[in-house]
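Take a look at the structure below.
Chains as they are written, first to last, in the working numbering: chain A, 15 to 342; chain B, 2 to 244.
Below, the structure is given as structure tokens:
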């Protein structure tokens with residue numbers, strides 16, 4: 015029992031889960047009990063997959079010991095590229111494939127430059143953030159492309175799948191992808207390599223793990239997920255704007271950190287990233303519902319990030335301090 | 002005459018202008034416990050890094066069991082049966098014992114192109130067995146390596162090497178930063194290797210540790226071998242003088 019309690023305390027997601035419970039109860043009361051109403055949940059579920067998919071990729075990459083600040087720009091560049099291609103007459107699915115391949119290429123470049131020149135990914139992806147944002151405006155030629163509603167089968171990604179209009183297809187896409195990435199991280203040898211690479215690179219290298227390839231793969235997954243999330247948002251709004259996703263890179267880092275991912279790499283989980291992303295959405299929405307001045311949103315996310323990290327390290331320390339014999 | 006299990010011929014290595022190895026030749030016999038001593042910068046670590054695949058020699062050749070070996074990376078070295086336990090610890094502290102045991106060599110239930118589903122049951126069972134084999138008693142294979150003491154960590158590293166049936170175990174300063182009691186434990190592990198027919202190369206700058214568990218002493222200084230004698234034909238004083 016004591017051992018289980020110790021393990022639970024050391025779970026990196028714990029602080030996030032506790033905060034979520036507290037906040038949901040708080041907003042439910044403050045909003046005169048409409049926070050958990052069907053209509054409001056629909057609103058949260060509409061936006062959640064977009065933030066959460068980016069957070070999943072960023073979490074994976076952070077566990078591998080690297081950063082990606084370019085996700086916000088890729089979030090805008092992918093749908094813009096796709097829309098421009100569709101307008102130019104390229105079939106919808108092919109356009110998606112090309113745009114996703116471009117995201118993978120951006121991820122590859124991020125990783126390759128970071129590793130080959132041995133520079134912090136913070137710098138590489140900061141550069142890529144500006145470059146990709148600029149490219150978004152360039153490919154659109156200054157005029158956002160227009161795709162008439164119904165012209166493309168966007169229902170595959172954003173259509174409501176139930177009769178009540180509560181859950182969009184994007185929720186399914188997001189759940190499937192998140193579960194898949196979560197399983198890859200926790201149940202496959204690749205996941206083991208990701209954690210070892212981020213946890214202690216010299217040991218990973220000495221054991222013959224191709225750490226460069228592992229990192230590049232994570233950069234690529236992260237970029238592709240960011241692009242995919244951007245596409246979902248653009249299709250949901252049916253507008254392709256070069257400005258979407260600004261500030262998203264740091265929100266994704268905040269989500270990962272709130273969920274217990276360590277900046278130093280190695281520690282964290284996909285579930286944690288999801289919890290962090292959900293918390294951010296809950297705060298955003300809950301503040302509106304309880305009629306708090308929405309300019310406080312960023313303040314709340316910032317405070318939450320710091321609070322969650324302090325809470326996590328405190329809980330983990332308490333967990334570690336609990337005496338359980340390691341030797342028989 | 003028996004074939005040396007590892008034979009190093011005229012090895013040279015330069016690090017950005019520094020001549021770290023100046024024509025080192027060394028034969029390691031099967032079943033032997035070889036102590037490699039020398040001051041910092043003598044070339045011990047360079048030699049070991051080449052054998053374990055972290056670096057490549059600039060000149061010279063390596064023969065494993067009489068055959069020319071081309072060691073390009075750590076995997077090549079492991080495939081030849083050479084397992085290295087590094088001074089900085091070859092474990093990831095934030096991962097569990099069973100995960101650490103199999104880093105890079107995970108047993109898989111199925112795989113596509115080398116990536117696949119971990120057989121975690123086998124990983125746990127095998128780690129428990131391997132750890133028990135080196136007389137280390139740990140409660141759970143799920144404990145994090147970071148929670149173990151330095152000596153226990155070295156024990157797990159040795160258990161890992163034993164599990165993969167390595168023929169040669171290289172221990173790079175395994176007694177660094179360990180308490181007296183734990184050092185005795187690690188020296189016990191090394192003695193145990195000999196009993197199981199595993200060749201070992203024990204690197205240390207602590208003469209007492211080396212003399213406590215090795216058959217033969219090789220001393221290096223300034224990138225060269227300066228002494229190579231059976232342990233009963235030399236003394237700590239003689240070796241110290243050579244360095």
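The C-beta atom is built at its ideal place from N, Cα and C for all residues, glycine as well.
- Restricting attention to 246/A, 75/A, 125/A, the CA atom closest to the CA of residue 279/A is found in 75/A.
- The beta carbon of residue 129/A sits no closer than 8 Å to any beta carbon of chain B.
- Residues of the same chain with a CB within less than 8 Å of the CB of residue 330/A, apart from the 5 flanking positions on each side, are 23, 24, 26 in chain order.
- CA-CA distance, residue 321/A to residue 267/A, rounds to 15 Å.
- For the C-beta of residue 214/A, the chain B residues within less than 7 Å are, from N- to C-terminus, 93, 94.
- For the stretch 266-288 of chain A, residues whose beta-carbon sits nearer than 7 Å to a beta-carbon of chain B comprise 280, 281.
- Taking residue 103/B as the centre and dropping the five residues before and after it, the same chain places the C-beta of 124 closer than 7 Å to its C-beta, in chain order.
- Here residue 207/A is buried. Its C-beta has 16 or more other C-beta atoms within 10 Å.
- Identification of chain A residues near residue 79/B by a Cβ-Cβ cut-off of 7 Å yields 222, ordered along the chain.
- When Cβ-Cβ separations below 8 Å define contact, residue 204/A makes contact with chain B.
- Using a CB distance cut-off of 8 Å, residue 16/B does not count as an interface residue toward chain A.
- Assignment of beta-bridge partners to residue 170/B by DSSP yields 84/B, 201/B.
- Interface with chain A (8 Å Cβ-Cβ cutoff): residue 119/B is included.
- For residue 149/A, the enclosing alpha helix (DSSP H) begins and ends at 135-154.
- At least one CB of chain A lies nearer than 8 Å to the CB of residue 116/B.
- Taking one beta carbon from each stretch, the stretch 105-120 of chain A and the stretch 57-68 of chain A have fewer than 3 pairs nearer than 8 Å; the two do not touch.
- Contact note: residue 209/A reaches chain B through 93, 95, 96, 100, using a C-beta cutoff of 8 Å and chain order.
- Residues of chain A with a Cβ closer than 8 Å to the Cβ of residue 85/B are, in chain order, 220.
- Residues of chain A whose Cβ lies closer than 7 Å to the Cβ of residue 107/B are, in chain order, 203, 206.
- Listed as beta-bridge partners of residue 225/B by DSSP are 222/B.
- A direct Cα-to-Cα measurement between residue 143/A and residue 87/A gives close to 6 Å.
- Measuring C-alpha to C-alpha distances from residue 240/A to each of 145/A, 85/A, 312/A identifies 85/A as the nearest.
- Put simply, the CB of residue 90/A is far from chain B, with every gap to its CB atoms at 8 Å or more.
- Bounds of the alpha helix (DSSP H) holding residue 161/B are 151-164.
- The beta carbon of residue 52/B sits no closer than 8 Å to any beta carbon of chain A.
- Taken in chain order, the unbroken stretches of alpha helix (DSSP H) that lie wholly in the stretch 20-90 of chain A and span 4 residues or more are 28-44, 52-77.
- Relative to the Cα of residue 16/B, the nearest Cα in the group 5/B, 52/B, 28/B, 58/B belongs to 58/B.
- When C-beta distances to chain A are compared with 7 Å, every residue of the stretch 173-205 of chain B stays at or above that value.
- Using a C-beta cut-off of 8 Å, the stretch 170-189 of chain B makes no contact with the stretch 10-28 of chain B, since fewer than three inter-stretch Cβ pairs fall below that distance.
- At a cut-off of 8 Å between beta carbons, residue 226/A makes no contact with chain B.
- With respect to the 8 Å criterion, residue 221/A and residue 91/B are classified as neighbours on the basis of their beta carbons.
- Within chain B, no C-beta atom comes nearer than 8 Å to that of residue 118/A; the closest sits roughly 17 Å away.
- For residue 70/B, there is no enclosing alpha helix (DSSP H); the residue is part of the beta strand (DSSP E) that begins and ends at 68-70.
- Within the model, the alpha-carbon separation for residue 50/B versus residue 138/B is close to 31 Å.
- For the stretch 54-68 of chain B, residues whose beta-carbon sits nearer than 9 Å to a beta-carbon of chain A comprise 54, 55.
- Taking the Cβ atoms as the reference, residue 271/A lies roughly 19 Å from residue 259/A, outside the contact range of under 8 Å.
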